[in-house]
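This report concerns only the one structure given below.
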Amino acid sequence: MKLTYKQVSDAAQMESEGVEVWALSQIFDVHDMTMRKYLRAYYKYGKSFWSPYPSEAEHGGSSEH
32 MKLTYKQVSD AAQMESEGVE VWALSQIFDV HDMTMRKYLR AYYKYGKSFW SPYPSEAEHG
92 GSSEH
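Each number in the numbering used here comes from the position in the sequence shown (counting from 1) with 31 added on.
See the structure below:
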């Protein structure tokens, strides 16, 4: 994986504070579509996205599976 859970968690926090996805992609040195993909997965699957068997999170990315 290109980004770790911690990096995406930090990116999601920054996004909630108003940082645009393009700027996040520059900070974490990935393409902006890659950042969007990881943020989408973070909100949908939470930490389980980084496991062999992702499952949908009940409360978005903040859920610790």
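We treat Cβ as the ideally placed atom computed from N, Cα and C, and that holds for glycine.
Practice task
Just mark His96 as buried or exposed, buried being the case when its beta carbon has 16 or more other beta carbons within 10 Å.
Solution key: Residue placement at His96 is flagged as unreliable, the pLDDT there being 41, under the threshold of 50; the coordinate-derived value follows with that caveat. It counts as exposed.
Exercise for the section: Buried or exposed for Met64, please, with buried defined as at least 16 other CB atoms from any protein chain shown within 10 angstroms of its CB. Expected result: That one is exposed.
Handout entry: Separation of Tyr84 from Ala54, as counted between CA atoms
Key = When rounded, the distance between both Cα atoms is 30 Å.
Practice task
Give the straight-line distance between the Cα atoms of Met32 and Val52, rounded to the nearest whole angstrom.
Solution key: Their Cα atoms are separated by approximately 18 Å.
Problem - Extent of the continuous alpha helix (DSSP H) run through Glu87 - result: Taken as a continuous stretch (DSSP letters only), Glu87 belongs to no alpha helix (DSSP H), as it is neither H nor E.
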